[in-house]
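Input: a single structure, listed below in structure tokens.
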Amino acid sequence: MRDFEEFGRIYPFDECQTNPSIIIELCVGWLLPIFTCLWHSVEQSETHNILAREAQRIIEQLVQQSLAHLRETVGEESSKTRGRFIELENEAQTSGHTTVQWPKISEFADEHIGIKKINEYIEKEWKTAPGGHDLCWLYAIDFIEKRSLEFNNLYIYRVRYSIPTRRSPIPRQTVCIYFTIDVSKVRPKHHPVKVLFAFETMSIIHQPNEFRFRQTWIEDIVLLKEKMARGIDF
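Counting in the numbering used here, the sequence shown runs from 313 upward without gaps.
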């Protein structure tokens, strides 16, 4: 209101009606800044719209790339999962079956039969079978002792695995697997002997017809022994 009052003092309204130049000056001096502000507002609005559209385009592009990466990742995981299921299915088909015929109670005359059958079992089921251990692993079988109990005789054997080399023909670390052949004194003689074995450092007791060999087990035992040996000062 103050501006208009001041404008009235400078430009009397009677003169505005009779003098067109005053009206032009009014438009230039007062209306032009208003139109300028409106124009800048329009420009800012258009700039805002351009930035908004560009941001939306970038977001949509990122979403599409993320979805594509997710589909690829899910596809790879699905392939791995399917492969693992196939492996487990094959294991289920092979586990519980062994090609080694363990001797009957009547056939087990001495400890040498046990060494022969354990060697046959390792060669067929652990070494040459699919998924068996590498050829660099060598083993030796030793008879430890015979324990005569009231109802059975226990024949205990030790299988020692190692990787000898030219530089180290005598390996620093070995892996021991202990076999026990249970020859019953009370069961019928035509029944087979019972065979059990366990890896050192492990408490699980296995049976040949319920076991599938894993090379990583003997590798882990060697690495564990190496780690313990490095921590001992002689």
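Each residue gets a CB set at the ideal place from its N, CA and C atoms; glycine is no exception.
Cβ-Cβ separation, Y467 to V495 (assumed contact under 8 Å), whole Å: The count along the sequence shown starts at 1 and reaches residue 495 at position 183. The count along the sequence shown starts at 1 and reaches residue 467 at position 155. Correct: roughly 7 Å between the Cβ atoms.
Candidates R472, R499 and P481, of which the one nearest V487 by Cα: Stepping through the sequence shown from its first residue, residue 487 is reached at position 175. Closest by alpha carbon: R472.
Nearest candidate by alpha-carbon position, reference Y433, set E384, N361, M514 and N521: Counting from 1 along the sequence shown, the entry for residue 433 is found at position 121. For Y433, the nearest C-alpha among the options comes from N521.
beta-carbon F525 near the ligand MN non-hydrogen atom, thresh 8 Å: In the structure on display, the ligand MN does not appear, and there are no ligands present to speak of.
Through-space distance from G543 to H518, alpha-carbon basis: Counted from its first residue, the sequence shown places residue 518 at position 206. Counted from its first residue, the sequence shown places residue 543 at position 231. Computed Cα separation, rounded: 31 Å.
Buried versus exposed call for K429 [16 or more other C-beta atoms within 10 Å across all chains shown]: The count along the sequence shown starts at 1 and reaches residue 429 at position 117. Its Cβ being crowded by 16 or more others within 10 Å, K429 is buried.
Extent of the continuous alpha helix (DSSP H) run through V471: Locating residue 471 in the sequence shown gives position 159, where the first residue counts as 1. From DSSP, V471 is part of no alpha helix (DSSP H) but of the beta strand (DSSP E) over N464 to S474.
F509 and I533 closer than 9 Å at C-beta: Start at 1 with the first residue of the sequence shown, and residue 509 comes out as number 197. Start at 1 with the first residue of the sequence shown, and residue 533 comes out as number 221. No. Outside cutoff.
Cα-Cα separation between I530 and R369, rounded to whole angstroms: Here residue 530 refers to the residue found at position 218 of the sequence shown. Here residue 369 refers to the residue found at position 57 of the sequence shown. Spanning the two alpha carbons is a distance of roughly 56 Å.
Contact between the segment 501-508 and the segment 473-482 (3+ Cβ pairs under 8 Å): no
Completely contained alpha helix (DSSP H) runs for the segment 495-546, where each covers 4 or more residues: 527-542
Assumed close pair D446, Q377 - CB separation to whole angstroms, cut-off 8 Å: Start at 1 with the first residue of the sequence shown, and residue 446 comes out as number 134. Start at 1 with the first residue of the sequence shown, and residue 377 comes out as number 65. Rounded, the Cβ-Cβ distance is 43 Å, inconsistent with contact.
Beta-carbon spacing of K497, F463 below 9 Å: Here the question's residue 497 lines up with position 185 in the sequence shown. Here the question's residue 463 lines up with position 151 in the sequence shown. Cβ atoms of K497 and F463: closer than 9 Å.
Residues sharing a beta bridge with I489, DSSP: Reading the sequence shown from its first residue, position 177 is the one you call residue 489. Answer is V471 and F511.
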